[in-house]
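Position in the sequence shown (first residue = 1) + 1127 = this note's numbering.
What follows is one structure encoded as structure tokens, with my remarks underneath.
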Amino acid sequence: MGWFEFIAAFAVFMGIHAVPSRPGLKAALVAGLGARGYAVVFSLVSTALLAWLIVAAGRAPYVELWPQAGWMRWLVNGVMPLAVVLASYGVAAPNPFAFEGRADGFDPDHPGIAGVARQPLLWALGLWGGVHLLVNGDLAHAILFGAFAVFAFVGLRAMEARKRRNWGMAEFDRLAARTSDWPFQALIAGRWRPQTGPSLARLTLAVVIWAALLHLHSPVIGVSPLP
């Protein structure tokens, strides 16, 4: 299969992720599945396709571009918990800025995850892609993780620009007053102070996902993530 499977998996994955950018199609799916159902189904399908894509990249012919150093794995293991936490708190949370969030229940004075980052899932994807690009220096994985990192950060800017156009600058600024463009920006600047602690259910989910990724990486991907 080699390169053909890799290209096919990449095309299907990107095709599925064009759905959130098509308001009519997304609205129809939300109407049929419900907001929470749409988020769950989309997340499950995305996860399955991502797993296929990663496996397909591992089956592609190996062409080394740069060697791996030991410190790179330390960096990956330091960044991945943050990426998992951002994704776990972002999906289906009250957050009208992000495609994975929901508009209902959002309070601009108490923005929740949007106070940490307005685009938590895209930041998670960008961090995941960026650190994995560093540690995987062969051609197939450089294409894979480099594309994800670029997709995430270009998508982040595109989502922000679309919201500004749709809402107008005044409304965008009102809703975004206590939120963060870069992770933790509002907290550091003093524009946002969380009134309650983080959801223990979502924190537990993040820990379970992180532990699963760490322990299943070797048997599923075929490479140990540990330094």
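C-beta: ideal position from N, C-alpha, C; glycine also.
>> By the DSSP assignment, the alpha helix (DSSP H) with aspartate 1300 in it spans what residues?
In response: Start at 1 with the first residue of the sequence shown, and residue 1300 comes out as number 173. Counting along the chain, the alpha helix (DSSP H) containing aspartate 1300 begins and ends at 1296-1303.
> Curious, which full-length alpha helix (DSSP H) runs of at least 4 residues does the region 1217-1290 contain?
Replying inline: As far as the region 1217-1290 is concerned, its whole alpha helix (DSSP H) runs of at least 4 residues are 1240-1243, 1247-1262.
> What residue range is occupied by the uninterrupted alpha helix (DSSP H) comprising glutamine 1312?
Replying inline: For the purposes of this step, residue 1312 is taken as residue 185 along the sequence shown, with counting starting at 1. Per DSSP, glutamine 1312 belongs to the alpha helix (DSSP H) from 1312-1316.
> Do the region 1135-1150 and the region 1171-1185 meet, that is, are 3 or more Cβ pairs less than 8 Å apart?
Replying inline: Contact between the region 1135-1150 and the region 1171-1185 is present, because at least three Cβ pairs lie under 8 Å.
>> Classify glycine 1217: buried if its beta carbon has 16 or more other beta carbons within 10 angstroms, exposed otherwise.
In response: Indexing the sequence shown from 1 puts residue 1217 at position 90. Label assigned to glycine 1217: buried.
>> So, for alanine 1267: in the same chain, excluding its five sequence neighbours on each side, which residues have a beta-carbon less than 7 Å away from its beta-carbon?
In response: Along the sequence shown, read from residue 1 onward, the residue named residue 1267 stands at position 140. Excluding sequence neighbours, alanine 1267 sits near Phe1133, Ala1184, Ala1187.
> If you check the beta carbons only, do asparagine 1263 and glycine 1239 fall under 9 Å apart?
Replying inline: Working through the sequence shown from its first residue, we reach residue 1263 at position 136. Working through the sequence shown from its first residue, we reach residue 1239 at position 112. Cβ distance not < 9 Å, so asparagine 1263 and glycine 1239 don't count as in contact.
>> Spatial neighbours of tryptophan 1130 within its chain, please: C-beta separation below 6 Å, excluding the five flanking residues on both sides.
In response: Numbered from 1 along the sequence shown, position 3 holds the residue referred to as residue 1130. Scanning its chain for C-beta atoms nearer than 6 Å, with the 5 sequence neighbours on each side dropped, one finds around tryptophan 1130 the residues Ala1187, in chain order.
> Count the other CB atoms within 10 Å of the CB of tyrosine 1165; is the residue buried (16 or more) or exposed (fewer)?
Replying inline: Here the question's residue 1165 lines up with position 38 in the sequence shown. A buried status is given to tyrosine 1165, since no fewer than 16 other beta-carbon atoms sit within 10 Å of its beta-carbon.
> Around the C-beta of proline 1235, are 16 or more other C-beta atoms found within 10 angstroms, so that it is buried, or is it exposed?
Replying inline: Numbered from its first residue, the sequence shown carries residue 1235 at position 108. The residue in question, proline 1235, is exposed, as its Cβ has fewer than 16 Cβ neighbours within 10 Å.
> Given a threshold of 16 other Cβ atoms within 10 Å of its Cβ, counted over all protein chains shown, does leucine 1152 qualify as buried or as exposed?
Replying inline: Start at 1 with the first residue of the sequence shown, and residue 1152 comes out as number 25. Classification of leucine 1152: exposed, given that the 10 Å Cβ count is below 16.
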